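Residue numbers (our numbering): 75 to 679.
C-beta: ideal position from N, C-alpha, C; glycine also.
For clarity, every value in this text was computed on a predicted model and none was experimentally measured.
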């Protein structure tokens with residue numbers, strides 16, 4: 075399988091944001107007042123007994139196939155990443171295994187995966203439930219009031235020693251990241267792109283938090299429901315270990331906030347050991363308050379221990395799963411189609427699933443000739459042999475169908491290929507004769523020379539070489555100019571690329587991020603040169619929508635318009651693959667990205 079370069083797109087996709095919280099009961103949508111109550115919990119008295127189930131006869135549930143939950147044992151995860159060495163969410167990068175923290179909201183773990191598969195980062199508000207948040211309501215169009223779960227305790231270790239979480243802790247957290255109080259006067263740089271509409275977070279009493287926004291939008295609930303570090307709450311006493319607000323070092327040059335032995339949160343897992351570049355080890359928080367949404371009488375975590383092994387080599391990760399050393403993998407280092415096929419071919423103890431990874435290709439500078447002419451852009455799309463690429467480079471991991479801005483996993487948001495008109499499908503069909511005619515009509519009967527800038531990733535270059543060969547068939551000579559990633563980012567961010575750049579489509583991060591990629595007033599506009607009033611207007615429809623139906627409709631309209639304009643020529647959506655031991659119960663191959671600590675708490679062996 076030759077699609078190693080897919081990791082690059084997946085890492086980009088994972089950098090955004092999603093909506094994860096601990097295992098608790100479901101509330102209503104943020105646009106209405108929720109009346110959900112906290113579930114009654116029953117804590118296991120031994121680590122080996124089976125979890126209880128309701129004595130009341132109920133209709134069969136989709137999760138019954140997993141059997142009765144059991145307590146005890148160890149869940150072992152593998153990852154190829156070498157990050158995770160940052161123990162403070164203030165700087166975000168490297169905090170992907172901070173499993174002792176937990177956020178305000180989470181996806182509904184009881185939701186039927188046929189309704190929404192949780193195979194990518196975005197979760198619609200209809201499938202969002204409270205975590206540290208017990209219930210919430212939109213007090214007015216620019217205000218969301220959140221009522222916290224009562225009785226949530228910090229883990230029983232210094233410096234908080236098991237005291238109760240309050241709204242004032244939540245206020246201190248946002249003051250620190252937004253620069254709105256407690257000695258902080260500037261926003262944490264890593265979160266500037268996520269908080270444009272969020273003004274202030276205030277505790278109105280011990281259990282009530284008020285979020286104030288600049289403008290009304292359904293996207294406000296995603297801002298505070300995002301599972302990234304922005305909404306993972308840390309203790310003010312722990313922050314105070316660093317001394318002066320904003321400081322990151324001490325007289326010894328090492329911040330106590332980067333000492334894993336001092337890491338503390340309210341989450342289901344407590345870190346007990348860390349070896350840089352090797353492993354993280356956690357034990358269950360014995361005082362954890364959360365329950366399994368599928369079995370609300372069951373306190374979680376089910377497992378006693380959670381281990382994360384860092385295994386950089388792909389072949390070694392495959393071997394670790396095959397031999398049972400790990401139960402599954404996490405992070406951005408998923409399996410290729412060939413790897414997962416080999417794993418499951420003769421091993422019935424391993425289960426597989428797939429997760430969208432985007433659609434790689436080239437992006438036009440539409441403000442530079444010859445790509446100001448849509449006929450030229452259409453010719454490029456008709457020159458790419460997507461089915462051939464799907465069968466060779468992607469080796470079965472792609473259907474070869476063209477896609478637009480949004481991953482096809484986002485049902486109701488993406489403009490699906492099956493719904494395209496035949497004339498639009500024809501504009502993306504492999505047809506070199508028609509492509510040559512379009513170039514001739516645009517004034518290029520003999521083709522032309524152009525160039526594309528890309529990173530030096532060898533696997534990524536392989537796709538561009540295939541596209542280059544396709545373009546030669548219509549008389550276009552595309553020079554591939556590669557540079558290291560840092561240089562490429564600086565070069566393209568400055569708008570120095572004069573023709574094409576390597577770029578993905580079919581993004582699986584939240585729509586609120588995706589809709590800005592071709593918005594004329596966003597920082598990303600420099601990449602494409604797009605300045606389109608129609609796109610901007612529909613983008614505003616989305617950003618000002620106050621209900622899910624209107625937001626999804628605006629996304630579909632944007633996606634359709636994007637596809638019709640041919641701003642990116644991609645090779646079709648492809649997939650990475652997840653595999654796990656059949657002995658890992660409660661799992662369906664979900665990939666909610668960052669902060670999966672709460673999902674691991676709802677699994678058992």
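Just to confirm my understanding: we take residue i, look at its own chain, exclude 5 residues before and 5 after, and list those with CB closer than 6 Å. What are they?
{"i": "residue 684", "result": "Any question about residue 684 goes unanswered here, given that the chain covers just 75 to 679."}
{"i": "residue 437", "result": "575, 577, 602, 642"}
{"i": "residue 161", "result": "332, 334, 337"}
{"i": "residue 187", "result": "662"}
{"i": "residue 551", "result": "523"}
{"i": "residue 474", "result": "460, 461, 464, 646"}
{"i": "residue 504", "result": "459"}
{"i": "residue 673", "result": "none"}
{"i": "residue 274", "result": "254, 286"}
{"i": "residue 392", "result": "413"}
{"i": "residue 354", "result": "171, 348, 382"}
{"i": "residue 227", "result": "236, 238, 361"}
{"i": "residue 516", "result": "447, 449, 450"}
{"i": "residue 217", "result": "286"}
{"i": "residue 328", "result": "none"}
{"i": "residue 545", "result": "457, 552"}
Look up residue i in the DSSP assignment and give the residues it is bridged to.
{"i": "residue 353", "result": "349, 383"}
{"i": "residue 430", "result": "649"}
{"i": "residue 435", "result": "577, 644"}
{"i": "residue 369", "result": "366"}
{"i": "residue 501", "result": "Note: residue 501 sits in no beta bridge, so no partner."}
{"i": "residue 149", "result": "380"}
{"i": "residue 527", "result": "555, 575"}
{"i": "residue 283", "result": "220, 277"}
{"i": "residue 207", "result": "222"}
{"i": "residue 137", "result": "Bridge partners of residue 137: none, in fact."}
{"i": "residue 343", "result": "358"}
{"i": "residue 522", "result": "550"}
So the alpha helix (DSSP H) residue i belongs to, where does it begin and stop?
{"i": "residue 465", "result": "460-465"}
{"i": "residue 311", "result": "310-313"}
{"i": "residue 299", "result": "293-299"}
{"i": "residue 616", "result": "607-618"}
{"i": "residue 507", "result": "506-515"}
{"i": "residue 631", "result": "622-639"}
{"i": "residue 450", "result": "448-457"}
{"i": "residue 600", "result": "599-602"}
{"i": "residue 587", "result": "585-588"}
Where does the unbroken beta strand (DSSP E) through residue i begin, and where does it stop?
{"i": "residue 553", "result": "550-557"}
{"i": "residue 176", "result": "Residue 176 -> no beta strand (DSSP E), and no H or E assigned at all."}
{"i": "residue 204", "result": "202-204"}
{"i": "residue 221", "result": "217-222"}
Report yes if the C-beta distance between residue i and residue j is below 9 Å; otherwise report no.
{"i": "residue 663", "j": "residue 470", "result": "no"}
{"i": "residue 540", "j": "residue 433", "result": "no"}
{"i": "residue 350", "j": "residue 154", "result": "no"}
{"i": "residue 221", "j": "residue 259", "result": "no"}
{"i": "residue 649", "j": "residue 413", "result": "no"}
{"i": "residue 192", "j": "residue 301", "result": "no"}
{"i": "residue 632", "j": "residue 612", "result": "yes"}
{"i": "residue 665", "j": "residue 272", "result": "no"}
{"i": "residue 398", "j": "residue 636", "result": "no"}
{"i": "residue 416", "j": "residue 656", "result": "no"}
{"i": "residue 562", "j": "residue 596", "result": "no"}
{"i": "residue 223", "j": "residue 207", "result": "yes"}
{"i": "residue 241", "j": "residue 277", "result": "yes"}
{"i": "residue 299", "j": "residue 199", "result": "yes"}
{"i": "residue 567", "j": "residue 525", "result": "no"}
{"i": "residue 467", "j": "residue 303", "result": "no"}
{"i": "residue 501", "j": "residue 640", "result": "yes"}
Suppose the cutoff is 8 Å on Cβ atoms and the five residues either side in sequence are ignored; what does the same chain contact list for residue i look like?
{"i": "residue 677", "result": "149, 376, 377, 658, 659, 660, 661"}
{"i": "residue 314", "result": "233"}
Would residue i pass as an interface residue toward chain B - the criterion being a Cβ-Cβ separation below 9 Å?
{"i": "residue 361", "result": "You won't find chain B in this structure, because it holds only one protein chain."}
Quick one: what's got a C-beta closer than 7 Å to residue i's C-beta in the same chain, skipping five residues either side?
{"i": "residue 201", "result": "181, 182, 185, 190"}
{"i": "residue 400", "result": "150, 151, 152, 383, 394"}
{"i": "residue 310", "result": "243, 246"}
{"i": "residue 123", "result": "Reliability fails at residue 123, whose pLDDT of 48 lies under 50, so the model's placement of it is uncertain and no value is given."}
{"i": "residue 104", "result": "Only weak support is given to the placement of residue 104: the predicted model assigns it a pLDDT of 37, under 50, and the value that follows is read from those uncertain coordinates. Counting only Cβ-Cβ distances below 7 Å, and skipping sequence neighbours, we find 199, 210, 212, 218, 295."}
{"i": "residue 357", "result": "344, 346, 378, 379"}
Handout entry: Start-end ranges of the beta strand (DSSP E) lying completely within the region 394-431, minimum 3 residues
Key = Qualifying beta strand (DSSP E) stretches, in chain order: 424-430.
Exercise for the section: Pick out the complete alpha helix (DSSP H) segments inside the region 214-276, 4 residues or longer, and give them in chain order. Expected result: Note on the region 214-276: whole alpha helix (DSSP H) runs with a minimum of 4 residues are 241-252, in chain order.
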